[in-house]
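Undergrad: Below you'll find the structure I mean.
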Amino acid sequence: SEDAKYVLNPSADIAKEVMDYIRREHAYGNKVTGKSLEEHFQGIGYGWDRDMLRLVLAVLLRAGSIEVTYQGRRFRNHQDPQCRVPFTNNVAFRSASFAPRESIELKTLTTAVQHFEELTGEEINIEEGAIATALKKVADDELRQLFPVVAEARANYLPVTETLDEYRQTLDSILTAASDDCVRVLSGEGKSFKEARDRVRKIRQAINSAGIATLQQARSAVKEMWPALESQGKHGELHTEAEELRALIDSVDFFEHLGRISVLA
């Protein structure tokens, strides 16, 4: 139990026994299959039931301690439906192979979960697969909402295209990342991701019909009306306002100042 949640314990005696065997055989250069695991743990000195062995291996996969290869595909995330076949089919289990992988520390998992809850307000299990799946879902939702914003920003030559492109690259990298990389990104860069997400959300809210109309009016005021007034010597104190307006509409933070931009225009 960790912070009122249950977490997997790959250090439990039975899990450690299986893990030590996989590591030892792997260090010798031997491929560890379900068949070889059966022969070892059902043999003299153990006499284990196959279902118990599969249960332990499933826990190790879910804890991020091992990876499973079946029919040429490598599985690290227990939430992938295809990875369950070796654990539910005897023939598939015997032909599947199991290899150790560097597990993520509990502290890293816990930090990732905390950052995710701060990001979305939702709770998730302290498990690598659950964290990665949840983060990828957020990234996928964000990417779908981002496409029209990018199109609108480019169509209106808004000074936020670089910000939006950087955010898109971040989302793309999350969607293609391995589950352990997703956890490490969320743990180490969760706060930065939340700040970027909030910033893009503000941009998205600002780039609506009213916001675009405000910017178009401001550009007209600066590029057409102000030069006409200035050439006739009718500028007076408007010079300061014109310079401030020009600076605001060219700023990467223009969406934070739409109210001021409207007043100045």
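Under the working numbering, read the sequence shown as residues 477 to 741, first letter to last.
Think of the CB as a built atom: it goes at the ideal place given N, C-alpha and C, for glycine as much as any other residue.
Using the Cα positions of I542 and E671, report the straight-line distance between them to the nearest angstrom.
TA: Rounded to the nearest angstrom, the two C-alpha atoms are 34 Å apart.
Undergrad: Inspect the beta-carbon positions of R673 and E618 and report whether they are closer than 9 Å.
TA: In contact: R673 and E618 (Cβ atoms closer than 9 Å).
Undergrad: Check the C-beta distance from T646 over to F669 and give it rounded, since I have them as a contact under 8 Å.
TA: The Cβ separation is near 7 Å, so the contact holds.
Undergrad: Determine the contact status of I650 and A615, defining contact as a CB-CB distance below 9 Å.
TA: In this structure, A615 lies closer than 9 Å to I650 by Cβ.
Undergrad: Tell me whether F623 is buried or exposed, calling it buried when 16 or more other Cβ atoms sit within 10 Å of its Cβ.
TA: With fewer than 16 Cβ atoms within 10 Å of its Cβ, F623 is classed as exposed.
Undergrad: Is the CB-CB distance between V544 and F574 below 9 Å?
TA: Yes, these two residues count as a Cβ contact at 9 Å.
Undergrad: Ignoring anything shorter than 4 residues, give me the alpha helix (DSSP H) runs that lie fully in the stretch 479-559, in order along the chain.
TA: Listed in chain order, they are 489-503, 510-517, 526-538.
Undergrad: Run the CB neighbour count on V532, radius 10 Å, all protein chains shown included, and call it buried at 16 or more, exposed below.
TA: Answer is buried; the Cβ neighbour count reaches 16.
Undergrad: What are the partner residues of A575, as DSSP defines its beta bridges?
TA: Note: A575 sits in a beta bridge opposite E543.
Undergrad: Counting C-beta neighbours from all protein chains within 10 Å, is the total for E478 16 or more, i.e. buried, or is it exposed?
TA: The residue is exposed, with fewer than 16 neighbouring Cβ atoms inside 10 Å.
Undergrad: With a threshold of 7 Å on Cβ separation, who are the neighbours of T596 within its own chain once the five nearest residues in sequence on each side are excluded?
TA: Around T596: V614.
Undergrad: Tell me the rounded alpha-carbon separation between R432 and S685.
TA: The requested residue 432 is not part of the displayed model; the chain covers only 477 to 741.
Undergrad: Excluding sequence positions up to five away, which residues of its chain have a Cβ less than 7 Å from the Cβ of A718?
TA: Cβ within range, chain order: V698, W702.
Undergrad: Kindly confirm or deny that the stretch 628-637 and the stretch 719-732 touch, where touching means at least three C-beta pairs closer than 8 Å.
TA: A contact exists between the stretch 628-637 and the stretch 719-732.
Undergrad: Checking 9 Å against the spacing of the C-beta atoms, do L611 and L662 come in under that value?
TA: Against a cut-off of 9 Å, the Cβ pair of L662 and L611 comes out as a contact.
Undergrad: Could you name each continuous alpha helix (DSSP H) segment of 4 residues or more that falls completely within the stretch 588-661, going from the start of the chain to the end?
TA: Correct list: 604-631, 637-652.
Undergrad: Taking the alpha-carbon positions, what's the I725 to G666 distance?
TA: Each residue's Cα considered, the two are about 30 Å apart.
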